[in-house]
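Colleague: Okay, handing you the structure first.
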Amino acid sequence: MNFAIEVRGLTKTFVSGWLTRRKKEALTDVNLSVPEGVFWGLLGPNGAGKTTLLSIISNLLIPEQGEVRVLGKDLRKNATEICSRINLSSGHANFLWSLNVRENLEYYAMLYGLSGKKRRQRVEDLVDLFELSEFAKVRFDELSTGTKQKLSLAKSLVNDPALLLLDEPTVGLDPDVAHRIREAIQRLHREKGTTILMTTHNMKEAETLCDRIAFIKDGTIKALGKPKELKNELRLGDTIVIVFSGPLHAESLQGLKGIYDALQTSDSSCRILVDDLHERLPQILDFLIGEKVFIHDLRIEESDLEDVFMAFAR
57 MNFAIEVRGL TKTFVSGWLT RRKKEALTDV NLSVPEGVFW GLLGPNGAGK TTLLSIISNL
117 LIPEQGEVRV LGKDLRKNAT EICSRINLSS GHANFLWSLN VRENLEYYAM LYGLSGKKRR
177 QRVEDLVDLF ELSEFAKVRF DELSTGTKQK LSLAKSLVND PALLLLDEPT VGLDPDVAHR
237 IREAIQRLHR EKGTTILMTT HNMKEAETLC DRIAFIKDGT IKALGKPKEL KNELRLGDTI
297 VIVFSGPLHA ESLQGLKGIY DALQTSDSSC RILVDDLHER LPQILDFLIG EKVFIHDLRI
357 EESDLEDVFM AFAR
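Taking this note's numbering, the leading residue of the sequence shown gets 57, the next gets one more, and so forth.
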């Protein structure tokens with residue numbers, strides 16, 4: 057398997073203060089391997105080290121310890137080559153305020169070595185892709201927050217990167233703008249197979265977009281896996297609430313595969329915690345029918361990535 061990102065033993069400490077020096081260890085012995093072509097989410101509370109890790113991978117910060125390999129090469133030894141093949145978009149877009157949208161894109165395209173007709177065509181393609189035509193001649197400081205974020209994403213694609221780093225790409229945006237940006241990111245990953253590492257506080261966004269999740273807290277990776285795997289690891293599962301009549305005791309469900317817990321809340325209702333709703337519901341219904349239990353009502357409470365986030369953040 058080829059990896060777009062390989063991080064081993066990464067440690068980064070920030071020092072502040074003048075008379076009294078204060079140290080804050082932002083990352084501690086971080087290890088992370090992101091395969092090529094995967095959409096990976098990096099989740100964690102504020103101050104967990106997400107942006108610091110992205111900044112190191114993008115060569116904006118230098119760690120005290122550890123090894124970073126990007127696109128198969130050592131980042132310290134091959135920084136210029138690697139940086140020409142990656143790009144970064146921040147949810148807190150900050151561009152040259154006096155340049156308009158097209159001028160900003162032209163500027164960054166030149167920084168990545170595009171020239172002449174190729175550069176102009178790339179800029180026009182990005183203006184069209186992110187629906188920026190009507191703002192092409194508007195200065196950056198006059199743009200709305202949503203349009204600034206579209207520009208940030210457009211800029212991150214000027215070099216057609218093999219690795220795209222996204223730091224909260226939809227933070228603070230209206231739902232409709234955020235939805236369109238998510239669609240553009242998803243389309244990029246689907247059509248070009250671009251490797252993406254994204255930080256976000258939007259759990260629905262992460263669950264929709266990401267193939268894998270890394271959860272970081274206090275500068276350390278606490279868990280890795282698919283959202284479903286993380287839910288199973290924490291035994292969060294999904295809850296099935298059944299209102300019934302007939303000879304049922306919740307304890308009799310405990311022997312079924314994938315049942316974490318079954319609690320009878322009254323003579324006519326029970327709550328069943330399962331590892332996977334879609335796999336376990338048919339077998340539960342078959343069991344109840346076999347026991348001649350009549351179901352009056354059935355309600356589903358699915359756990360999601362937000363439950364995982366809350367569990368790890370505690």
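Backbone N, C-alpha and C fix where the C-beta goes; we use that ideal spot for every residue, glycine too.
1. Taking the beta carbon of residue 111 as the centre, do at least 16 other beta carbons fall within 10 Å, making it buried, or is it exposed?
2. For the beta strand (DSSP E) that residue 288 lies in, which residues bound it at each end?
3. If residue 96 sits next to residue 268, beta carbons under 8 Å apart, how far is it from one beta carbon to the other, in whole angstroms?
4. Within its chain, find whatever has a CB closer than 6 Å to the CB of residue 221; leave out the 5 residues flanking it on each side and keep chain order.
5. Please state whether DSSP places residue 160 in a helix, a strand or coil.
6. Roughly how many whole angstroms lie between the Cα atoms of residue 330 and residue 94?
7. Taking residue 118 as part of the beta strand (DSSP E), name the residues at either end of that continuous run.
8. Can you tell me which residues form a DSSP beta bridge with residue 255?
9. Mind listing, in chain order, the continuous alpha helix (DSSP H) runs of no fewer than 4 residues lying wholly within the region 324–348?
10. Whose C-alpha, out of 85, 74, 345, is nearest the C-alpha of residue 65?
11. What is the C-beta distance between residue 90 and residue 59, in whole angstroms, given that I count them as a contact (C-beta under 8 Å)?
12. Buried or exposed, going by whether 16 or more other CB atoms sit within 10 Å of the CB of residue 350?
13. Have a look at the DSSP bridge pairing and note the partners of residue 70.
14. Take residue 230 and list the residues in its own chain whose beta-carbon comes closer than 8 Å to its own, dropping the five residues that flank it on each side.
15. If you follow the beta strand (DSSP E) that residue 299 is part of, which residue opens it and which one closes it?
16. Taking only the alpha-carbon atoms, compute the straight-line gap between residue 130 and residue 274 and give it to the nearest angstrom.
17. Among residues of its own chain, excluding the 5 on either side of residue 204, which ones have a beta-carbon nearer than 8 Å to its beta-carbon?
18. Quick one: give me the first and last residue of the beta strand (DSSP E) that residue 352 is part of.
19. Could you name the residues of the same chain whose beta carbon sits closer than 7 Å to that of residue 179, not counting the 5 residues immediately before and after it, in chain order?
20. Tell me whether residue 57 is buried or exposed, calling it buried when 16 or more other Cβ atoms sit within 10 Å of its Cβ.
21. Near residue 256, what residues of its chain come up, given a Cβ to Cβ distance below 6 Å and the 5 sequence neighbours on each side ignored?
22. Given that a residue counts as buried once 16 or more other Cβ atoms are within 10 Å of its Cβ, and exposed if not, what is residue 302?
23. Could you spell out where the alpha helix (DSSP H) holding residue 270 opens and where it closes?
24. Hey, quick one: how far does the alpha helix (DSSP H) through residue 320 stretch, first residue to last?
25. Kindly identify the DSSP beta-bridge partner or partners of residue 86.
26. Find out if the Cβ-Cβ distance for the pair residue 312, residue 340 is shorter than 8 Å.
Modeller: Taking the geometry as given:
1. Translated into positions along the sequence shown, residue 111 becomes position 55. Its Cβ being crowded by 16 or more others within 10 Å, residue 111 is buried.
2. Taking the first residue of the sequence shown as position 1, residue 288 is located at position 232. In the DSSP assignment, residue 288 falls outside any beta strand (DSSP E) and lies within the alpha helix (DSSP H) extending over 283–289.
3. The sequence position of residue 96 within the sequence shown is 40, counting from 1. The sequence position of residue 268 within the sequence shown is 212, counting from 1. Yes, residue 96 and residue 268 are in contact; Cβ-Cβ is about 5 Å, under 8 Å.
4. Position 165 of the sequence shown, counted from the start, is the residue given in the question as residue 221. Here the set comprises 110, 114, 144, 253.
5. On the sequence shown, residue 160 is found 104 positions in, with the first residue counted as 1. Helix at residue 160.
6. Position 274 of the sequence shown holds residue 330. Position 38 of the sequence shown holds residue 94. So the alpha carbons of these two residues sit roughly 28 Å apart.
7. On the sequence shown, residue 118 is found 62 positions in, with the first residue counted as 1. Per DSSP, residue 118 belongs to no beta strand (DSSP E) and is neither H nor E.
8. Along the sequence shown, one-based indexing puts residue 255 at 199. According to DSSP, which records beta bridges pairwise, residue 255 is partnered with 98, 223.
9. Those alpha helix (DSSP H) runs which fall completely within the region 324–348 and span 4+ residues are 333–346.
10. Your numbering for residue 65 matches position 9 in the sequence shown. For residue 65, the closest of 85, 74, 345 by C-alpha to C-alpha distance is 85.
11. Within the sequence shown, residue 90 is the residue found at index 34, counting from 1. Within the sequence shown, residue 59 is the residue found at index 3, counting from 1. Residue 90 to residue 59, Cβ: 6 Å. Contact.
12. Within the sequence shown, the letter at position 294 stands for residue 350. Taking every protein chain shown into account, the CB of residue 350 has fewer than 16 other CB atoms within 10 angstroms, so this residue is exposed.
13. For the purposes of this step, residue 70 is taken as the residue at position 14 of the sequence shown. BP columns for residue 70 point to 80.
14. What you label residue 230 is simply residue 174 of the sequence shown in a count that begins at 1. If we look at residue 230 and ignore the five residues flanking it on each side, its Cβ neighbours are 202.
15. Translated into the one-based positions of the sequence shown, residue 299 becomes position 243. For residue 299, the uninterrupted beta strand (DSSP E) segment begins and ends at 294–301.
16. On the sequence shown, residue 130 is found 74 positions in, with the first residue counted as 1. On the sequence shown, residue 274 is found 218 positions in, with the first residue counted as 1. Spanning the two alpha carbons is a distance of roughly 26 Å.
17. In the sequence shown, the residue the question calls residue 204 occupies position 148. Sequence-distant Cβ neighbours of residue 204 in its own chain, meaning closer than 8 Å and more than five residues away, are 149, 151, 196.
18. Along the sequence shown, read from residue 1 onward, the residue named residue 352 stands at position 296. Judged by DSSP secondary structure, residue 352 falls within the beta strand (DSSP E) whose first and last residues are 350–357.
19. If you number the sequence shown from 1, residue 179 lands on position 123. Beyond the five residues adjoining it in sequence on each side, residue 179 comes within less than 7 Å, by CB distance, of 158, 161, 162, 165 in the same chain, given in chain order.
20. As a position in the sequence shown, residue 57 is number 1, starting the count at 1. Residue 57 comes out exposed.
21. Position 200 of the sequence shown, counting from 1, holds the residue named residue 256. Beyond the five residues adjoining it in sequence on each side, residue 256 comes within less than 6 Å, by CB distance, of 224, 262 in the same chain, given in chain order.
22. Your numbering for residue 302 matches position 246 in the sequence shown. With a 10 Å radius around the Cβ and a threshold of 16 neighbouring Cβ atoms, residue 302 comes out exposed.
23. Taking the sequence shown and counting its residues from 1, one reaches residue 270 at position 214. Unbroken run through residue 270 is the beta strand (DSSP E), 268–273; no alpha helix (DSSP H).
24. Here the question's residue 320 lines up with position 264 in the sequence shown. Note, residue 320: premise wrong, no alpha helix (DSSP H); beta strand (DSSP E) at 315–322.
25. Here residue 86 is taken as the residue at index 30 of the sequence shown, counted from 1. Listed as beta-bridge partners of residue 86 by DSSP are 66.
26. Position 256 of the sequence shown holds residue 312. Position 284 of the sequence shown holds residue 340. Yes, Cβ-Cβ distance for residue 312 and residue 340 is below 8 Å.
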